[in-house]
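Enquirer:
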Amino acid sequence: MVNVYAYDKPQEIAAGLGKYILKQQKYSIQESEQFTVAVSGGSLPKMLKRALVDNKEVADDIEWAQWVIYFVDERLVPLDHADSNYSELNKELLRHLKNPPKVVPIAASKVTGKDGQVDGADLEKDKEIAKDYAAVLPDEINLGLLGVGPDGHTCSLFPDADTLKVKDEDVVAIHDSPKPPPRRVTFTLPRLRKVESLAFVAEGEGKKEALAEIFNNPRSGLPAQVVNNNHEDVSWFVDNKALQDTNIHTSKY
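Here the numbering used here is used: the first residue of the sequence shown is 10, the next is one more, and so on.
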């Protein structure tokens, strides 16, 4: 089932997303005493702070000590690098928490090269990082929090990329990302299908063409559309600017 929750303002998206995540957390902790979450980078960490820390309706009920956070993709740079998704999550969210969750980053000690560039990098080490990260992932991840790019990419799965054809690996390394830096690791489509629930967050007119393709063109084949169409539990938290060219039923969470 796909649910699309649309709002006018970022703080309204944050409020809806916060309530959604809280419900997912309560169910997961009741079932297994922990809440496993896989997150993307971009603007998502800032939205998570709005949704879970600044949002006083849910902030006191977020049991951070029971969370385990993974990354659906990561740039192959040191963890303190400005391009690192871990670094962005730490800056925007983790450092604001009194009782931070367990966070599982990539094996940064194996990162080679400089600034995620191909020149001077050991691409075999990149493959090791991807394999190592796949090995530490639990069989079940409760929630995946994803973004979508103006080109329709999600995680580091880009349109027409060979990674979309991967069938038997959970995490792969890439060295040709059209968005810098080029070297990354990313969840594959099969790994995303194993995540219990997925939620996309998309804001702004810059996303309207991608969302129009995702929801209006059943054969667009954009990575975010493939994920959306091949998962049983997907929610979208978006603003009306991003949806202005779509024809789809929306509601509020």
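Glycine included, each C-beta is placed from N, C-alpha and C at the ideal position.
Note that the structure is a prediction, hence the values are computed from the model and not measured.
Give the secondary structure of Asp171 by DSSP, where H, G and I count as helix, E and B as strand, and everything else as coil.
Expert: If you number the sequence shown from 1, residue 171 lands on position 162. Residue state, collapsed to three classes: helix.
Enquirer: For Lys100, I'd like the list of residues in its chain whose CB is within less than 8 Å of its CB, leaving aside the five on either flank, ordered along the chain.
Expert: As a first step, residue 100 is located in the sequence shown; it is residue number 91 there, counting from the start. Excluding residues within five positions, the ones whose Cβ falls inside 8 Å are Pro54.
Enquirer: At a cut of 8 Å, does the stretch 205 to 223 reach the stretch 247 to 260 through at least three beta carbon pairs?
Expert: Yes, the stretch 205 to 223 touches the stretch 247 to 260.
Enquirer: So, using beta-carbon positions, are Thr259 and Ala15 closer together than 7 Å?
Expert: Here residue 259 is taken as the residue at index 250 of the sequence shown, counted from 1. Here residue 15 is taken as the residue at index 6 of the sequence shown, counted from 1. Their beta carbons are under 7 Å apart, which means Thr259 touches Ala15 by this criterion.
Enquirer: Assess contact between the stretch 106 to 121 and the stretch 167 to 176, defined as three or more Cβ pairs (one per stretch) separated by less than 8 Å. Is contact present?
Expert: Verdict: no, contact absent.
Enquirer: Given a cut-off of 7 Å on the beta-carbon distance, is the pair Ala74 and Asn108 in contact?
Expert: Position 65 of the sequence shown, counted from the start, is the residue given in the question as residue 74. Position 99 of the sequence shown, counted from the start, is the residue given in the question as residue 108. Yes.
Enquirer: For Ser41, does the count of other Cβ atoms within 10 angstroms reach 16, so buried, or fall short, so exposed?
Expert: Translated into positions along the sequence shown, residue 41 becomes position 32. With fewer than 16 other Cβ atoms within 10 Å, it is exposed.
Enquirer: How many angstroms separate the CA atom of His240 from the CA atom of Asp63?
Expert: Within the sequence shown, numbered from 1, the residue matching residue 240 stands at position 231. Within the sequence shown, numbered from 1, the residue matching residue 63 stands at position 54. Roughly 30 Å between the two C-alpha positions.
Enquirer: Can you tell me whether Ser37 is helix, strand or coil according to DSSP?
Expert: Against the sequence shown, residue 37 aligns to sequence position 28. In the structure shown, Ser37 sits in a helix (DSSP, three-state: H, G or I).
Enquirer: Roughly how many angstroms lie between the CA atoms of His105 and Ser37, to the nearest whole one?
Expert: The residue labelled residue 105 in the question sits at position 96 within the sequence shown. The residue labelled residue 37 in the question sits at position 28 within the sequence shown. Roughly 23 Å separates the two Cα atoms.
Enquirer: Within its chain, find whatever has a CB closer than 8 Å to the CB of Asp69; leave out the 5 residues flanking it on each side and keep chain order.
Expert: Stepping through the sequence shown from its first residue, residue 69 is reached at position 60. So the list is empty, once near-sequence residues are dropped.
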